[in-house]
Amino acid sequence: MSEPTWSSRHAGYLQRSEPHSKPLKPIRSALELGVLRNSQVDDEGIDLAIFSDTTVIDSEGGIVILKEYDFPGIMELALLVNNLPKANGFLEPVASPARPNGSSDRWDFVRWGGAFAKSKGEVQVGESVGGFTTLPPLLWELVGLAMEAREYEPEEDVVVLEILKGILGNIY
């Protein structure tokens with residue numbers, strides 16, 4: 001049986017977004033969604049932060065403004081993920097570590113727990129976790145959107161990433 005194809009009506013949200021032209025002044029209380037990377041192979045880091053004013057900071061510190069239809073849709077998806085049945089008390093581990101090179105990427109959703117993700121293209125988990133044998137479709141979609149922040153590769157802005165790390169504080 002072949003894996004289903006990942007899709008989302010919000011796929012490509014970073015490519016559709018507008019450049020951010022104002023001075024960056026994000027505050028932690030405005031953080032709506034944060035996705036952190038914790039991997040055995042890749043450096044730990046921030047993959048995505050979405051703020052209530054629709055500002056997004058991606059994995060390289062790029063700052064964009066989401067289109068008006070992407071922001072509420074992604075936030076609704078994150079809230080729906082929050083309501084999924086919990087595996088072992090929270091959404092971790094939902095998928096077993098597995099990349100061809102043996103790495104495991106953990107995706108943390110601020111306020112919503114986390115999941116071990118393989119790739120956008122894989123939905124099967126290694127073994128049943130809390131009754132799950134596949135990633136729940138909502139979680140799979142949200143993880144795929146978070147992974148897009150790694151695929152979108154503007155030039156790294158270390159200053160912005162340091163500001164974001166300061167905002168995240170004990171979360172990072």
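full-length UniProt numbering numbers the first residue of the sequence shown as 1 and each following residue consecutively.
For glycine and all other residues, C-beta sits at the position ideal for the given N, C-alpha and C.
Predicted, not measured: the structure shown is a model, and the values here were computed from it.
Indicate the three-state DSSP secondary structure (helix, strand or coil) for residue i in the structure shown.
i, result
"residue 56", "strand"
"residue 26", "coil"
"residue 18", "strand"
"residue 123", "coil"
"residue 97", "Low confidence applies here, because residue 97 scores a pLDDT of 27, under 50, leaving its location unreliable; read the following figure in that light. It is coil, neither helix nor strand."
Ordered along the chain, which non-local residues of its own chain (more than five positions away) have a Cβ less than 7 Å from that of residue i?
i, result
"residue 141", "8 and 77"
Which residues share a DSSP beta bridge with residue i?
i, result
"residue 34", "49"
"residue 134", "124"
In angstroms, rounded to a whole number, what distance separates the CA positions of residue i and residue j?
i, j, result
"residue 149", "residue 155", "13 Å"
"residue 158", "residue 61", "7 Å"
"residue 52", "residue 5", "30 Å"
"residue 58", "residue 47", "6 Å"
"residue 14", "residue 166", "23 Å"
"residue 33", "residue 145", "12 Å"
May I ask which residues mark the beginning and end of the alpha helix (DSSP H) holding residue i?
i, result
"residue 73", "70-82"
"residue 145", "137-151"
"residue 166", "158-168"
Go through its chain and collect everything with a Cβ distance to residue i's Cβ below 6 Å, but skip five positions before and after it.
i, result
"residue 124", "134"
"residue 54", "65, 66 and 71"
"residue 136", "84"
"residue 147", "120"
"residue 50", "32, 33 and 56"
Within a Cβ cutoff of 8 Å, which residues of the same chain sit near residue i, ignoring the five residues on either side of it in sequence?
i, result
"residue 163", "24 and 26"
"residue 73", "9 and 10"
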